[in-house]
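Asks:
Residue numbers (the numbering used here): 538 to 770.
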């Protein structure tokens with residue numbers, strides 16, 4: 538059904554169909570010190586599984602002259618942003634498998650343990666600024682904590698944001714006695730200071746074990762909104 542919506546919106550709007558890409562999606566993964574090795578692997582493998590899930594594949598691989606472009610980076614300290622997957626155009630199954638394989642082959646790099654959320658956002662914005670031809674540009678930031686070093690998200694001025702960019706958040710809870718309070722506070726923090734732009738939202742993973750399911754929901758919402766929004770009168 539979602540694949541049909543993508544195809545219909547492109548047929549209904551020749552200008553969109555002639556664009557170089559229908560969406561640029563940059564994904565930033567939190568690899569700060571609060572993320573242990575097991576959780577690191579759950580995050581990368583969860584993203585790979587979400588991209589490879591049937592409903593997400595259906596949207597990404599919908600026949601189109603304006604495919605989706607994806608880039609993926611890790612972030613932790615103020616100077617610790619590492620590009621795992623440079624911009625890839627998802628034109629066919631081989632391109633998608635290439636992204637998934639890159640995630641599977643990635644191993645953890647030494648980095649500062651701090652949580653520099655502001656610099657991570659600026660890194661994502663810089664990536665999206667490389668894709669001006671895409672008619673939707675989205676930054677997808679995952680994290681399990683608030684910023685504790687570097688530029689704070691709320692201190693990034695609006696003029697630093699390229700026009701039309703949306704930032705969505707995926708907050709990850711930890712299984713501990715204060716779980717409900719912790720994830721509620723983190724969701725509110727992301728809602729107040731991280732997400733920005735048209736139709737921005739916060740998705741929640743109830744622990745790293747839930748990351749794959751949460752990322753699948755998030756990708757479907759982000760990718761489907763392009764088609765559904767374009768079909769609106």
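Note that beta-carbon positions come from the ideal geometry of N, C-alpha and C, so glycine has one too.
1. How about residue 536 and residue 745: are their beta carbons less than 8 angstroms apart?
2. Quick check: residue 686 and residue 653, are their CB atoms within less than 8 angstroms of each other?
3. For residue 604, does the count of other Cβ atoms within 10 angstroms reach 16, so buried, or fall short, so exposed?
4. Which whole-angstrom value is the C-beta distance of residue 662 and residue 699, which I expect to be below 8 angstroms?
5. For the beta strand (DSSP E) that residue 680 lies in, which residues bound it at each end?
6. Between the Cα of residue 479 and those of 642, 656, 639, 635, spot the shortest distance and give me the residue it belongs to.
7. Quick check on this structure: which residue in 633, 681, 560 has the alpha carbon closest to the alpha carbon of residue 724?
8. Is residue 707 closer than 8 angstroms to residue 679 when the C-beta atoms are compared?
9. Does the beta-carbon distance from residue 609 to residue 621 come in below 8 angstroms?
10. For residue 626, which residues in the same chain have their Cβ closer than 6 angstroms to its Cβ, ignoring the five residues on either side in sequence?
11. Given 7 angstroms as the limit, tell me if residue 655 has its C-beta closer than that to any heavy atom belonging to the ligand ADP.
12. Looking only at its own chain, which residues have a Cβ that is under 8 angstroms from the Cβ of residue 641, when we skip the five neighbours before and after it?
13. When the distance is taken between beta carbons, is residue 570 closer than 8 angstroms to residue 612?
14. Quick one: measure Cβ to Cβ for residue 677 and residue 563, integer angstroms, because I've assumed they're closer than 8 angstroms.
15. Would you list the residues sitting across from residue 741 in a DSSP beta bridge?
16. Output the boundary residues of the alpha helix (DSSP H) element that contains residue 592.
17. Less than 8 angstroms between the beta carbons of residue 673 and residue 559, yes or no?
18. Less than 7 angstroms between C-beta atoms, sequence neighbours within five positions excluded: which residues of the same chain meet that for residue 646?
19. What number of angstroms, rounded off, separates the C-alpha of residue 601 from the C-alpha of residue 718?
20. How should residue 587 be labelled, buried or exposed, when 16 other C-beta atoms within 10 angstroms of its C-beta is the threshold for buried?
21. Taking the alpha carbon of residue 741 as the point to measure from, which residue in 710, 638, 756, 726 has its own alpha carbon closest?
22. When the Cα atoms are used, what is the spatial distance from residue 697 to residue 623?
23. What residue from 589, 648, 596 has the CA that sits closest to residue 636's CA?
24. Excluding the 5 residues flanking residue 579 on each side, which residues of the same chain have their C-beta closer than 7 angstroms to its C-beta?
Replies: Put simply:
1. Missing from the structure shown is residue 536; the chain here goes from 538 to 770 and no further.
2. yes
3. buried
4. 6 angstroms
5. 674–680
6. With the chain covering only 538 through 770, there is no way to say anything about residue 479.
7. 681
8. yes
9. yes
10. 604, 606
11. The ligand ADP is not among the ligands present in this structure, which contains no ligands whatsoever.
12. 581, 582, 585
13. no
14. 7 angstroms
15. 708
16. 591–597
17. yes
18. 619
19. 44 angstroms
20. buried
21. 710
22. 22 angstroms
23. 589
24. 745, 746, 748
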